[in-house]
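Numbering (my numbering), first residue to last: 2 to 234.
No residue lacks a Cβ here, since even glycine has one placed at the ideal position from N, Cα and C.
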């Protein structure tokens, strides 16, 4: 009788142990799935926010300018940004605004050159130029007669190039209709543009996959108008 009770107790204990292990495994699996789902959702939201913030910063820089001489570490994501400084070179304050590669058939160009409103000796050749290269809006310039060592990453930043790409960067002369032909030069550029329409389209890779059609992107398009006060005076 005693032996039967011991056997029953041992059998019950083993079954309970197996049940506990199964329940623990289920709970661990559910928790792991929850953590992975949360992490993926968080990553998507963060990439989307980085995309939106980067686009807004890029427009802000085009409008209000860069503090010269500029470096990648001087962009507004790192330092406090104050467009009231007189040292900022921008579309709004430039002495001259040019779309260097204006295409009359398309109605826009992709390279913007700004001649700063400065009167110091030796700065007659200074300029700031924005352009699209390999999915990145970059900037190069000559300041005080010296060229920047390497182009700046305006948007996306170098740390974001793996998941953010600019797919369109269009610069339109919004002041005159295309048929008017104003501000055209034989070289295919437009000079002294009073009002620039800027169109930027960028996408963030939210979910990567080996097959391109299975990848998930978030695409945003921003359009804005920026006036140049010297051209409109």
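- Just checking my contact of residue 200 with residue 227 at CB under 8 Å: how many whole Å lie between their CB atoms? Numbered from 1 along the chain shown, position 199 holds the residue referred to as residue 200. Numbered from 1 along the chain shown, position 226 holds the residue referred to as residue 227. About 12 Å; that fails the 8 Å criterion.
- Tell me whether the beta-carbon of residue 138 lies closer than 8 Å to the beta-carbon of residue 127. Within the chain shown, residue 138 is the residue found at index 137, counting from 1. Within the chain shown, residue 127 is the residue found at index 126, counting from 1. Against a cut-off of 8 Å, the Cβ pair of residue 127 and residue 138 comes out as no contact.
- Query: From residue 96 to residue 115, what distance separates their C-alpha atoms?
  - Reply: Within the chain shown, residue 96 is the residue found at index 95, counting from 1. Within the chain shown, residue 115 is the residue found at index 114, counting from 1. So the two alpha carbons sit approximately 7 Å from each other.
- Message: So the candidates are 92, 60, 64 and 176; which of them puts its Cα closest to the Cα of residue 223?
- Response: If you number the chain shown from 1, residue 223 lands on position 222. Checked all of 92, 60, 64 and 176; the closest Cα to residue 223 is 60.
- Item | Span of the beta strand (DSSP E), counted from its first residue to its last, around residue 156 | Walking along the chain shown from the start, residue 156 turns up at place 155. That run of the beta strand (DSSP E) goes 153-156.
- Message: In this structure, how does DSSP classify residue 16 when only helix, strand and coil are distinguished?
- Response: On the chain shown, residue 16 is found 15 positions in, with the first residue counted as 1. Reduced to three states, the DSSP call for residue 16 is helix.
- Message: Tell me the residue span of the beta strand (DSSP E) that contains residue 1.
- Response: The first residue shown for the chain is 2 and the last is 234, placing residue 1 beyond what the model contains.
- Query: Can you tell me the Cα-Cα spacing of residue 20 and residue 14, whole angstroms?
  - Reply: The count along the chain shown starts at 1 and reaches residue 20 at position 19. The count along the chain shown starts at 1 and reaches residue 14 at position 13. Going from the Cα of residue 20 to the Cα of residue 14 covers about 10 Å.
- Answer yes or no: do residue 220 and residue 202 have a C-beta to C-beta separation smaller than 8 Å? By 1-based counting over the chain shown, the position of residue 220 is 219. By 1-based counting over the chain shown, the position of residue 202 is 201. Taking 8 Å as the Cβ cut-off, residue 220 and residue 202 qualify as a contacting pair.
- Item | Close-in-space but distant-in-sequence residues of the same chain around residue 147 (CB under 7 Å, 5 per side omitted) | Counting from 1 along the chain shown, the entry for residue 147 is found at position 146. The answer is none, since no qualifying residue turns up.
- Task: Whole angstroms is fine: what's the gap from residue 154's alpha carbon to residue 131's?
- Result: Walking along the chain shown from the start, residue 154 turns up at place 153. Walking along the chain shown from the start, residue 131 turns up at place 130. Approximately 10 Å, taken between the alpha carbons.
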